Amino acid sequence: MKKHIPLLSFFLFSSLAFAQSKIDSTKGLKDYYQSYFPIGVAVSPQLLKSADANLILQQFNSMTPENVMKPGPIHPAEDKYNWAPADEIVDYAQANHLKVRGHTLCWHQQTGDWFFKDASGNPVSKDVLLKRLKDHITNVVTRYKGKIYAWDVVNEAIADDSTKFLRDTQWYKTCGEDFITKAFEYAHEADPDAQLFYNDYNSERPEKVERIYRLLKKLVDAKVPIHGVGLQGHWSIFEPKESELRNAIEKFSSLGLKVQITELDVSVYKWEKNDRALKPGEVGVFTAELEQKQIEKYKMAFKVFREYKNVITGITFWNLSDKYTWLDYYPVRGRKNFPLLFDVNLKPKKVFWEVVKF
Ligand code: GLA
């Protein structure tokens, strides 16, 4: 009997090892898309400390800080930077060999009021505001130089009103269009190797494509150091159409710019920012019908992404799984959404298998 113990344990050990190696060799999104583009995910420092981080390491090879690098959180007062949370994400990425996209250097939201006001609370001059922008961008970009390969330099500068061009923010009111040009110049000076992006949403809607194109063309013609455009990709089962997505990619890349999908999720509801009410039927149930529609949208999108792999240099999902998504809070607070490839238990949804089947 004794004689058999080594044999038995060998058998047990090797079958365990086999099971283990089977798990290890499970391909993640990053592996399926290895010869296409990096696949990223928006993260918080808390997420990286939780057990859910295993899924990140298994599936993704790029990450974007969801909030902690935005001007408000990282630079809450003129003489105060809050580096620790952003450092945690960058250190984690370095230790685990993931790329990092920086997000975002200049935006009209999540930005401290102090940028725009003097000590008595009056609006500052253009010179002062640009100086503050320069200090902000220089300090943030320099700190992560060589560790962040791409930056969303300017976020959402185009107006929501389709009859207007640029959004009427304090940046625009004080600096005119110069804040955009300058932001790119400051970022490029701080890290000449970083890829610099303009980033916006609804960027496949035909009228918005035209206005984003107009802005990008101006920048490219003026030889501003811009390398790419981020299509946020906050989509829904209703949009974009395949023709709209192709048109946006073709139009932007015709300027010699790279394209990234920077904040991908596919809501199961209509995307209307100003509509904050729950509709009849919108009770937060992921029905088979919604699931099928979502599968079709994601399948279409990834087919197009693969086709344009020469100009698409990254796809990033906005959050990890349906367990937590910003769309549970926005635009309708408390309406459960199911916009990602992993379910509330972090298991791959049917749509996951469709996205990796090609
Ligand atoms: C925009 C911003 C992101 C994020 C989302 C909502 O798309 O670019 O940083 O705030 O809104 O989560």
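Per our numbering, the very first residue in the sequence shown carries number 4; after that it's consecutive.
Backbone N, C-alpha and C define an ideal beta-carbon position, used for all residues, glycine too.
Fair warning: this is a prediction, and the values are worked out from it, not measured in the lab.
| Residue nearest to residue 245 in terms of C-alpha spacing, selected from 308, 62 and 131 | Comparing Cα positions, the closest option is 308.
| request: Taking only heavy atoms of ligand 1 into account, decide whether any of them is closer than 6 Å to the Cβ of residue 158. | output: Ligand 1 approaches residue 158 closely enough that one of its heavy atoms is under 6 Å from the residue's Cβ.
| Whole-angstrom C-beta distance between residue 126 and residue 119, which should lie under 8 Å | Going by Cβ atoms, the distance from residue 119 to residue 126 rounds to 6 Å, so yes, they are a contact pair.
| Residue range of the beta strand (DSSP E) that includes residue 68 | Here the beta strand (DSSP E) through residue 68 covers 65-68.
| task | Determine, using beta-carbon pairs with one atom in the region 201-219 and one in the region 319-335, whether at least three such pairs fall under 8 Å. | result | No, they do not touch.
| Is residue 266 near ligand 1, with its Cβ less than 6 Å from a heavy atom? | For ligand 1, at least one heavy atom lies less than 6 Å from the Cβ of residue 266.
| query | Excluding five sequence neighbours on each side, which residues of the same chain lie with their C-beta closer than 6 Å to the C-beta of residue 41? | reply | Cβ neighbours of residue 41 beyond the five flanking positions: 64, 65, 102 and 317.
| message | What residue range does the alpha helix (DSSP H) around residue 35 cover? | response | Per DSSP, the continuous alpha helix (DSSP H) segment holding residue 35 begins and ends at 32-35.
| Distance between residue 197 and residue 189 (C-alpha atoms, nearest Å) | Their Cα atoms are separated by approximately 12 Å.
| field | Where residue 336 falls, given that 16 or more other Cβ within 10 Å makes a residue buried | value | Exposed: under 16 other Cβ atoms inside 10 Å.
| Those runs of the beta strand (DSSP E) which lie wholly inside the region 64-149 and span at least 3 residues | Within the region 64-149, the complete beta strand (DSSP E) runs of at least 3 residues fall at 65-68 and 102-109.
| field | Heavy atom of ligand 3 within 6 Å of residue 198 beta-carbon | value | Ligand 3 is absent from the structure shown, which contains only ligand 1.
| said: So if DSSP puts residue 319 in a beta bridge, which residue, or which two residues, is it bridged to? | reply: Note: residue 319 is bridge-paired with 43 in the DSSP secondary-structure output.
| request: Assign residue 355 to one of three DSSP states: helix, strand, or coil. | output: In the structure shown, residue 355 sits in a helix (DSSP, three-state: H, G or I).
| request: With a 10 Å radius around its C-beta and 16 neighbouring C-beta atoms as the bar for buried, classify residue 313 as buried or exposed. | output: Exposed, because fewer than 16 other Cβ atoms sit within 10 Å of the Cβ of residue 313.
| field | residue 268 versus residue 347: straight-line alpha-carbon distance, rounded | value | Distance between the alpha carbons of residue 268 and residue 347: 15 Å.
| said: Going by DSSP, what residue range makes up the beta strand (DSSP E) through residue 201? | reply: If you look at residue 201, you'll find it in the beta strand (DSSP E) that goes 198-203.
| request: Have a look at 329, 332 and 74 and flag the residue whose alpha-carbon is nearest the alpha-carbon of residue 113. | output: That would be 74, whose Cα lies nearest to the Cα of residue 113.
| message | Distance check for residue 243 and residue 344, CA to CA, integer angstroms please. | response | Whole-angstrom Cα-Cα distance: 18 Å.
| field | Beta-carbon separation (whole angstroms), residue 203 vs residue 159, contact threshold 8 Å | value | Contact check for residue 203 and residue 159: beta-carbon distance about 5 Å, within the 8 Å limit, so the pair qualifies.
| message | Is the beta carbon of residue 354 closer than 7 Å to that of residue 272? | response | Result no, Cβ atoms of residue 272 and residue 354 do not sit closer than 7 Å.
| field | residue 375 versus residue 105: straight-line alpha-carbon distance, rounded | value | Outside the shown range of the chain (4 to 361) lies residue 375, about which nothing can therefore be said.
| query | What are the partner residues of residue 306, as DSSP defines its beta bridges? | reply | Per DSSP, none; premise fails for residue 306.
| task | Please confirm whether residue 132 and residue 185 have their CB atoms less than 7 Å apart. | result | No. Outside cutoff.
| field | Cα-Cα separation between residue 3 and residue 263, rounded to whole angstroms | value | A query on residue 3 cannot be resolved here, the shown segment of the chain reaching from 4 to 361 and no further.
| task | Consult DSSP for residue 350 and reduce its assignment to one of helix, strand or coil. | result | In the structure shown, residue 350 sits in coil (DSSP, three-state: anything other than H, G, I, E or B).
| query | Would you call the CB atoms of residue 230 and residue 266 closer than 7 Å? | reply | In this structure, the beta-carbon distance from residue 230 to residue 266 does not fall below 7 Å.
| Status (buried if at least 16 other CB within 10 Å, exposed otherwise) for residue 37 | Exposed, because fewer than 16 other Cβ atoms sit within 10 Å of the Cβ of residue 37.
| query | What whole-angstrom Cβ distance do residue 252 and residue 214 have, given they're in contact under 8 Å? | reply | Under the criterion of beta carbons closer than 8 Å, residue 252 and residue 214 do not qualify as touching, at roughly 17 Å.
| Three-state class that DSSP yields for residue 230 in the structure shown | The answer is coil: DSSP assigns residue 230 none of H, G, I, E or B.
| In three-state terms, what does DSSP make of residue 360? | Here residue 360 carries a coil assignment [DSSP, helix/strand/coil].
| query | Three-state secondary structure (DSSP) at residue 28? | reply | For residue 28, the predicted structure reports a pLDDT of 45, less than 50, and the residue's modelled location is therefore unreliable. The matter cannot be settled from this model.
| request: Rounded to whole angstroms, what's the CA-CA distance from residue 21 to residue 57? Just pull it up for me. | output: A caution first: residue 21 carries a pLDDT of 37, below 50, which makes its placement in the model too unreliable to give a value.
| field | Rounded Cβ spacing between residue 172 and residue 111 (contact assumed at less than 8 Å) | value | About 4 Å separates the beta carbon of residue 172 from that of residue 111, a gap short enough to meet the 8 Å contact definition.
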